[in-house]
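Okay, so the sequence shown: first residue is 13 according to the working numbering, each after it adds one. Even for Gly, the Cβ is constructed at its ideal location relative to N, Cα and C. Every value quoted in this text rests on a predicted model; they were computed, and no experiment measured them.
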Amino acid sequence: MKETAPPPKRAAILLPWDKSAARLSVASRSAEARLAEAVGLAASIGLVVVHEHVFITRSVTPATLFGKGQVEMASAALADALVDVAVVDASLTPVQQRNLETAWGVKVIDRTGLILDIFGARARTREGALQVELAHLEYQRSRLVRSWTHLERQRGGFGFLGGPGETQIEADRRLIGDRITRLRLELEDVRRTRGLHRGARKKVPYPVVALVGYTNAGKSTLFNALTGAEVMAQDQLFATLDPTMRAIVLPSGRQIILSDTVGFISDLPTELVAAFRATLEEVAEADVLLHVRDVAHPDTQAQAADVRAVLNRMAKDGTLDENWQDRTLEVLNKADLLGGVGSVIQGEGMAVSALTGEGLERLRAGVDARLAARMEVLEMELLVSDGARIAWLYRNGEVLARVDGEELVKLRVRMTAADKARFERL
Numbered sequence: 013m014k015e016t017a018p019p020p021k022r023a024a025i026l027l028p029w030d031k032s033a034a035r036l037s038v039a040s041r042s043a044e045a046r047l048a049e050a051v052g053l054a055a056s057i058g059l060v061v062v063h064e065h066v067f068i069t070r071s072v073t074p075a076t077l078f079g080k081g082q083v084e085m086a087s088a089a090l091a092d093a094l095v096d097v098a099v100v101d102a103s104l105t106p107v108q109q110r111n112l113e114t115a116w117g118v119k120v121i122d123r124t125g126l127i128l129d130i131f132g133a134r135a136r137t138r139e140g141a142l143q144v145e146l147a148h149l150e151y152q153r154s155r156l157v158r159s160w161t162h163l164e165r166q167r168g169g170f171g172f173l174g175g176p177g178e179t180q181i182e183a184d185r186r187l188i189g190d191r192i193t194r195l196r197l198e199l200e201d202v203r204r205t206r207g208l209h210r211g212a213r214k215k216v217p218y219p220v221v222a223l224v225g226y227t228n229a230g231k232s233t234l235f236n237a238l239t240g241a242e243v244m245a246q247d248q249l250f251a252t253l254d255p256t257m258r259a260i261v262l263p264s265g266r267q268i269i270l271s272d273t274v275g276f277i278s279d280l281p282t283e284l285v286a287a288f289r290a291t292l293e294e295v296a297e298a299d300v301l302l303h304v305r306d307v308a309h310p311d312t313q314a315q316a317a318d319v320r321a322v323l324n325r326m327a328k329d330g331t332l333d334e335n336w337q338d339r340t341l342e343v344l345n346k347a348d349l350l351g352g353v354g355s356v357i358q359g360e361g362m363a364v365s366a367l368t369g370e371g372l373e374r375l376r377a378g379v380d381a382r383l384a385a386r387m388e389v390l391e392m393e394l395l396v397s398d399g400a401r402i403a404w405l406y407r408n409g410e411v412l413a414r415v416d417g418e419e420l421v422k423l424r425v426r427m428t429a430a431d432k433a434r435f436e437r438l
């Protein structure tokens with residue numbers, strides 16, 4: 013007998029909104045936009061949103077986050093809508109989460125828990141799966157404070173100390189702690205291997221260009237358009253999690269490695285910034301960063317500010333150099349939704365449409381120019397018979413001019429300092 017799939021979970025999205033705090037933000041966004049983003053996050057893992065509401069909060073209630081009247085109002089609405097899970101688009105303390113579950117009689121998750129569930133569903137590589145599990149366990153360890161009866165049982169003591177023994181909560185925390193320790197060891201092995209791969213790439217070495225940006229800004233679509241790859245690209249939040257790389261050739265003939273990375277999001281949980289070090293390390297190692305923005309989104313400025321905040325946080329903790337903005341190009345994607353590249357006020361950015369291909373040649377030239385600005389222009393004289401070294405310069409540098417004599421070939425070549433050192437060792 014064929015098993016039928018369980019019905020999708022019915023969800024409610026509840027957004028606590030502090031108007032005064034929103035006004036103080038440099039890149040403030042509307043409550044409606046924040047609520048729509050939370051609905052998109054929930055829908056991306058198959059939840060059916062049957063109720064959504066914005067609660068204006070003037071002060072935080074320590075026990076429940078929401079005020080007493082708001083908790084009662086939400087309880088009635090959740091019951092009427094037959095909700096299975098309530099998503100609170102904010103960070104909840106373990107006590108708040110437990111109290112809301114008791115008051116509403118449904119499962120309650122906060123923004124961090126929702127994003128962790130999405131990441132768990134999207135991770136494809138072994139490292140991605142390990143990182144998600146580690147972040148989830150570290151998040152869950154502090155939340156073993158539930159009304160479940162099995163957590164109140166006690167086990168007998170060991171050895172000669174006797175006493176009442178350890179509670180189930182303590183045992184569960186200890187098991188989680190042991191698993192976290194093992195995961196960190198496994199991740200170190202994976203990271204060590206990736207470090208060896210990165211070292212091998214540096215010996216080649218091709219410049220690395222990394223795509224960064226807010227989730228659903230079109231990074232993977234742009235990656236596919238530039239490389240001809242078929243990386244998963246959907247109109248969906250966090251469609252791509254694990255870093256993907258492909259080699260492409262720029263107009264100058266220079267070969268680069270393009271890296272697609274995980275999208276950022278407002279209030280990105282600290283656990284996930286630490287967990288997805290794989291993607292962040294690719295960003296830190298990149299020669300050029302392409303900050304891909306959804307220029308057609310009403311909150312494009314606020315989204316850009318959120319991405320810069322994450323990168324600045326990385327610079328502050330030493331993961332990223334402080335001058336990262338000097339090697340960043342703004343890419344204003346989805347210009348087709350505004351009538352084309354010519355309809356976008358470009359300023360410091362480059363307008364493109366990854367979907368139609370408009371503006372991509374200019375983007376390639378812009379990346380070429382940014383890389384060229386970091387290179388040296390050298391005058392060289394080589395023997396006509398030194399064909400191997402001349403061919404090497406064509407493969408690894410950019411030959412700007414060439415004059416052939418009877419015995420010597422005069423070349424003007426642009427190359428990186430690393431390539432210059434390699435050439436001198438030939």
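| Check | Outcome |
| --- | --- |
| By DSSP, does Gln82 sit in helix, in strand, or in coil? | helix |
| Is the segment 366 to 380 touching the segment 314 to 334, taking contact as three or more C-beta pairs under 8 Å? | no |
| Could you check whether Ala54 and Ile25 sit closer than 8 Å to each other, using their CB atoms as the reference points? | yes |
| Got a sec? Which residues, its chain only, sit under 7 Å from Arg138 by beta carbon, not counting five neighbours each side? | Val202 |
| Please state the DSSP three-state secondary structure of Gly171. | Note that Gly171 scores a pLDDT of 37, beneath 50, so its modelled location is shaky; the value from the coordinates is reported in the next line. Coil. |
| Taking the straight line between their C-alpha atoms, what separation do you get for Ala429 and Met387? | 7 Å |
| Kindly list the residues whose CB is nearer than 6 Å to the CB of Gly79, restricted to its own chain and excluding five residues on each side of it in sequence; keep chain order. | Thr73 |
| Which same chain residues end up closer than 8 Å to Val356 when comparing Cβ atoms and leaving out the 5 residues on each side of it in sequence? | Val307, Leu344, Ala347, Leu350 and Ala363 |
| Exposed or buried, Val415, counting other C-beta atoms within 10 Å across all chains shown (16 or more means buried)? | exposed |
| Would Gly425 pass as a contact of Gly409 if the rule is Cβ separation under 8 Å? | A small correction: the amino acid at residue 425 is Val; Gly does not occupy that position in the sequence shown. Cβ atoms of Val425 and Gly409: closer than 8 Å. |
| Could you tell me the distance, in whole angstroms, from the CA atom of Gln4 to the CA atom of Ala259? | There is no way to answer for residue 4, as the model of the chain reaches only from 13 to 438. |
| DSSP on Asn345, reduced to helix/strand/coil? | strand |
| Which one or two residues does DSSP pair with Trp404 in a beta bridge? | Trp404 pairs with nothing; no bridge assigned. |
| Let me check understanding here. Comparing Cα to Cα, which of Leu234, Leu126 and Pro28 lies closest to Thr76? | Pro28 |
| Determine the direct distance from the alpha carbon of Ala93 to that of Leu163, and round the result to whole angstroms. | Note that Leu163 has pLDDT 39, beneath the 50 cutoff, so the model's placement of it is unreliable and the number below is only indicative. Distance between the alpha carbons of Leu163 and Ala93: 31 Å. |
| Checking 8 Å against the spacing of the C-beta atoms, do Leu439 and Val295 come in under that value? | Coverage of the chain is limited to positions 13 through 438, which leaves residue 439 absent and any answer about it impossible. |
| So is Tyr151 buried or exposed if we call it buried at 16+ other beta carbons inside 10 Å? | buried |
| Give the secondary structure of Leu104 by DSSP, where H, G and I count as helix, E and B as strand, and everything else as coil. | coil |
| DSSP on Arg134, reduced to helix/strand/coil? | helix |
| Between the C-alpha atoms of Arg70 and Gly81, what's the straight-line distance to the nearest angstrom? | 13 Å |
| Just to confirm, is the Cβ distance from Leu383 to Pro219 under 8 Å? | yes |
| What is the DSSP secondary structure of Lys119, counted as helix, strand or coil? | strand |
| Pick from Asn335, Gly58 and Trp404: whose alpha carbon is nearest that of Glu130? | The question names Glu, but residue 130 in the sequence shown is Ile. Of the listed residues, the one whose Cα sits closest to Ile130 is Gly58. |
| For His162, does the three-state DSSP call read helix, strand or coil? | At His162, the pLDDT of 40 sits below 50, so the modelled position is not reliable and the matter cannot be decided from this model. |
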